[in-house]
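Going by the working numbering, the sequence shown opens with residue 1327, and the numbers climb by one from there. Ideal placement from N, C-alpha and C gives every residue a C-beta, glycine not left out. Note that the structure is predicted; figures quoted are calculated from it, not measured. Here's the structure, in structure tokens; my notes come after.
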Amino acid sequence: MAQGGGGGLMVSVSGIRGRVGDALTPEVVARYASAFGAWCLAQGGSRAIVVGRDSRVSGPMFHRIVVGTLQLVGCDVIDIGLTTTPGAQMTVEHHHAAGAVMLSASHNPIEWNALKRSVM
């Protein structure tokens, strides 16, 4: 995926994170959301995906991209807006959703954001 000056995209088993506008771009966010949604649908269970975010400045933009992209690949989005990462996971369990995408870079500086994924 994209690399930029000042740090590349960090990829782990729980998701991706990076500096907004550098390694973490709208295109990268859309590609990740598309791949995650397609993977969840391929599992053959629920079509529902929970989407939540924290209060970072880049959150609303990335939130709209994630919701729209998941809908484009055929997922039923449960949009819970501002929440915590544990809150998103609890919503997955409550609705028996296939998984969640949480937009939150936790302890990282404000210029960062992340897409954390969880599955049922």
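A residue is called buried once 16 or more other Cβ atoms fall within 10 Å of its Cβ, and Q1415 is buried on that count.
It is roughly 23 Å from the alpha-carbon of A1426 to the alpha-carbon of E1437. Residue state for L1396 is assigned as helix, using DSSP reduced to three classes. Per DSSP, the continuous beta strand (DSSP E) segment holding A1426 begins and ends at G1425 to L1429. For the pair W1365 and H1420, the Cα-to-Cα distance works out to about 21 Å.
DSSP links W1438 through a beta bridge to R1345.
Residues V1392, V1393, V1403, D1405 and V1427 of the same chain have their beta carbon placed closer than 6 Å to that of V1377, with the five preceding and five following residues left out of the count. Taken through DSSP and simplified to helix, strand or coil, M1336 comes out as strand.
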